[in-house]
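Have a look at the structure below before the remarks.
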Amino acid sequence: MWPWAHLGLAYVAYLVVRPRAWWRADRLTLGALVVGTQLPDLIDKPLAWVVGVLPSGRSLAHSLVFVLPLLLVVAVVCRRRARREAGFAFGFGVLSHLALDAVGPFLAGDYGELGFLLWPLTPPPYVEPRNLGELIAAALGAQFSRAFAVQLAVGALLGAVFCYHVWRAGHVEGARPDRRRR
13 MWPWAHLGLA YVAYLVVRPR AWWRADRLTL GALVVGTQLP DLIDKPLAWV VGVLPSGRSL
73 AHSLVFVLPL LLVVAVVCRR RARREAGFAF GFGVLSHLAL DAVGPFLAGD YGELGFLLWP
133 LTPPPYVEPR NLGELIAAAL GAQFSRAFAV QLAVGALLGA VFCYHVWRAG HVEGARPDRR
193 RR
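For the sequence shown, the numbering used here gives the first residue as 13, with consecutive numbering after it.
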């Protein structure tokens with residue numbers, strides 16, 4: 013799934029689960045959501061395709077074996093710093109990323125591809141590019157389909173709404189009056 017799809021779908025789902033976030037979310041919370049939705053790919057893809065220390069672009073940070081302890085640490089830190097909503101948003105982002113990566117193979121009945129969720133206990137059996145060069149060649153060789161165009165359009169729309177939300181989060185009532193916006 014494309015990065016903007018992870019962000020857009022998680023953002024919409026977050027607003028459904030936490031409807032008050034539309035009016036009350038601050039930039040830290042929204043930033044935590046963004047980082048959470050991208051973190052698994054930001055860790056796994058470079059380590060697999062550039063450095064070559066992971067077997068797949070969906071392994072370590074896509075694994076519940078890694079993610080659940082990470083979310084526990086984040087929850088404890090955010091609770092101690094009175095930033096529970098930011099911790100929730102981060103966790104929501106990470107877990108939504110894993111769910112969105114798993115939904116395709118699950119619906120297709122290809123349960124073997126879900127092995128990444130328990131890596132290294134169950135290694136992922138699917139074939140993927142071995143390095144960044146192969147990935148770029150595969151992406152450039154793909155046809156520009158209607159489905160891809162729709163993904164781009166929806167991503168742009170959700171991106172615009174998200175940017176508005178972030179801008180609005182800095183201008184809500186209760187912001188520090190002694191700080192001027194530049």
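Each residue gets a CB set at the ideal place from its N, CA and C atoms; glycine is no exception.
The model shown is predicted, which means the values in this text are computed figures rather than measured ones.
Excluding the 5 residues flanking it on each side, Ala181 has same chain C-beta neighbours closer than 7 Å at Ala37, Asp38, Arg39 and Leu42, in chain order. With respect to the C-alpha of Val77, the residue from Ala44, Pro52, Met13 and Leu21 having the closest C-alpha is Pro52.
With a contact defined as Cβ atoms closer than 8 Å, Ser75 and Ala60 miss out at about 13 Å. Closest option to Glu97, judged by alpha-carbon separation, among Val173, Lys57 and Val29: Val29.
DSSP places Gly20 in the helix class (H, G or I) of the three-state scheme. Contact between Val106 and Leu129 is absent: CB atoms are separated by about 12 Å, not below the 8 Å threshold. Per DSSP, the continuous alpha helix (DSSP H) segment holding Pro52 begins and ends at Arg39 to Lys57. In this structure, the CA atom of Lys57 is about 21 Å from the CA atom of Phe104. The DSSP-derived three-state label of Gly171 is helix. Non-local C-beta neighbours of Thr134 in its own chain, meaning closer than 6 Å and more than five positions away in sequence, comprise Gly127, ordered along the chain. In this structure, Ala87 sits away from Gly48, with a CB-CB distance that is not shorter than 8 Å.
Of the other Cβ atoms in all chains shown, 16 or more fall within 10 Å of the Cβ of Trp131; this residue is therefore buried.
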